[in-house]
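Everything below concerns the one structure shown next.
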Amino acid sequence: GENVEQHPSTLSVQEGDSAVIKCTYSDSASNYFPWYKQELGKGPQLIIDIRSNVGEKKDQRIAVTLNKTAKHFSLHITETQPEDSAVYFCAASWFGADGLTFGKGTHLIIQP
Amino acid sequence: EADIYQTPRYLVIGTGKKITLECSQTMGHDKMYWYQQDPGMELHLIHYSYGVNSTEKGDLSSESTVSRIRTEHFPLTLESARPSHTSQYLCASSVPAHAGAKDTQYFGPGTRLTVL
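Line order of the protein sequences matches chains E and D.
So that you can map any letter, position 14 of the first sequence is 14 in our numbering, and since no number is skipped, the others follow by simple counting.
Quick note, our numbering runs 112 ahead of the 1-based positions in the second sequence.
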């Protein structure tokens with residue numbers, strides 16, 4: 001089955017700086033890679049996703065890159081703000097899978 | 113904002129009690145899931161369903177049971193709660209993955225269960 005590794009487990013950055021979270025996956029059949037943000041006391045919410053036929057996708061301050069050859073994908077947040085503080089999860093799946101396979105999460109802390 | 117709801121949001125009960133955590137969605141999604149989230153925040157899949165009358169066990173063994181009598185409703189039951197069941201329980205739903213479709217899961221707000 002699929003295995004998703006996520007690093008780092010905790011990331012602390014200064015407000016205004018950029019943050020990068022990296023994930024690797026094991027199953028070359030995976031073709032869908034979403035990212036979720038979970039704030040305290042809430043369920044995870046989808047913030048951006050990418051399909052395997054695309055190398056990069058951007059939505060305002062958030063971008064995701066995918067390298068299918070190396071089987072890794074990354075989340076980039078620029079100009080970080082206090083409201084970006086949360087736990088972020090990467091995930092992977094493929095057509096026919098029972099569901100998403102999640103990474104273990106990254107706790108992002110934005111220092112004022 | 114996803115239309116998926118969980119009740120109660122918080123529950124504190126004594127050992128040995130039977131409890132049911134409710135999950136409902138109004139998006140008409142066939143697939144539904146239950147996750148257990150530990151203090152380290154990792155998500156563990158405990159149950160899922162492809163549709164009405166379908167239930168499957170997830171990756172993490174759980175003493176809970178689920179049922180799927182209606183598309184919109186996927187309750188989780190613990191027959192006899194124990195302190196080891198103390199956790200955050202998250203419900204999710206998705207459109208089944210098929211060619212061209214994304215397997216995006218939409219999560220509810222969660223139920224924080226504490227068993228004394």
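Think of the CB as a built atom: it goes at the ideal place given N, C-alpha and C, for glycine as much as any other residue.
Next on the checklist: Taking only three categories from DSSP, how would you classify P82 of chain E?
Outcome noted: Counting from one through the first sequence, the residue named residue 82 of chain E turns up at place 82. The answer is helix: DSSP assigns P82 of chain E an H, G or I state.
Checklist entry - So E15 of chain E packs on Q81 of chain E, CB below 8 Å; how close in whole Å? => result Start at 1 with the first residue of the first sequence, and residue 15 of chain E comes out as number 15. Start at 1 with the first residue of the first sequence, and residue 81 of chain E comes out as number 81. About 7 Å; that satisfies the 8 Å criterion.
Item to check | Start-to-end residues for the beta strand (DSSP E) that takes in P34 of chain E | outcome: Stepping through the first sequence from its first residue, residue 34 of chain E is reached at position 34. Its beta strand (DSSP E) spans residues 32-38.
Item to check | Rounded separation between R180 of chain D and N165 of chain D - CA only | outcome: If you number the second sequence from 1, residue 180 of chain D lands on position 68. If you number the second sequence from 1, residue 165 of chain D lands on position 53. Answer to the nearest angstrom: the Cα atoms are 5 Å apart.
Item to check | Closer than 8 Å at the beta carbon, the chain E residues around G220 of chain D | outcome: Residue numbering aside, residue 220 of chain D sits at position 108 when the second sequence is read from its first letter. Those within 8 Å of G220 of chain D in chain E are G43.
Checklist entry - Using a beta-carbon distance cut-off of less than 8 Å, what residues from the segment 141-167 of chain D approach chain E? => result K143, Y145, G152, M153, E154, L155, L157, Y160
Next on the checklist: Would G113 of chain E and Y122 of chain D qualify as a contact pair, given that the criterion is a beta-carbon distance under 8 Å?
Outcome noted: With chain E represented from 1 up to 112, any question about residue 113 of chain E goes unanswered, as that position is not in the structure.
Item to check | Beta-carbon neighbours of L202 of chain D, restricted to chain E and to distances below 7 Å | outcome: Taking the second sequence and counting its residues from 1, one reaches residue 202 of chain D at position 90. Here the neighbours are G43.
Next on the checklist: Restricting to Cα atoms, I'd like to know which of E:Q45, E:I21, E:Y32, E:L46 is closest to E2 of chain E.
Outcome noted: For the purposes of this step, residue 2 of chain E is identified with residue 2 of the first sequence, where counting begins at 1. Checking every option, the nearest Cα to that of E2 of chain E belongs to E:Y32.
Next on the checklist: For D98 of chain E, would you say it is in contact with chain D, using Cβ-to-Cβ distances shorter than 8 Å as the test?
Outcome noted: By one-based count along the first sequence, residue 98 of chain E stands at place 98. Closer than 8 Å to some Cβ of chain D, the Cβ of D98 of chain E qualifies, so yes.
Item to check | Proximal residues of chain D, C-beta to C-beta of F102 of chain E below 7 Å | outcome: Numbered from its first residue, the first sequence carries residue 102 of chain E at position 102. Under the 7 Å cutoff, chain D gives L155.
Checklist entry - From the DSSP output, which residues share a beta bridge with H156 of chain D? => result Counting from 1 along the second sequence, the entry for residue 156 of chain D is found at position 44. Its beta-bridge partners are D:Q148.
Next on the checklist: So that I know if they touch, is there some Cβ in chain D lying closer than 8 Å to that of L46 of chain E?
Outcome noted: Numbered from 1 along the first sequence, position 46 holds the residue referred to as residue 46 of chain E. Closer than 8 Å to some Cβ of chain D, the Cβ of L46 of chain E qualifies, so yes.
Checklist entry - How big is the Cα-Cα spacing for S176 of chain D and S192 of chain D? => result One-based indexing of the second sequence puts residue 176 of chain D at position 64. One-based indexing of the second sequence puts residue 192 of chain D at position 80. When rounded, the distance between both Cα atoms is 9 Å.
Next on the checklist: Does S196 of chain D come out as helix, strand or coil in the three-state DSSP assignment?
Outcome noted: Working through the second sequence from its first residue, we reach residue 196 of chain D at position 84. In this structure, S196 of chain D counts as helix in the three-state DSSP scheme.
Checklist entry - Taking all protein chains shown into account, do 16 or more other C-beta atoms lie within 10 angstroms of the C-beta of P8 of chain E, making it buried, or fewer, making it exposed? => result Reading the first sequence from its first residue, position 8 is the one you call residue 8 of chain E. Exposed, since its Cβ has fewer than 16 Cβ neighbours within 10 Å.
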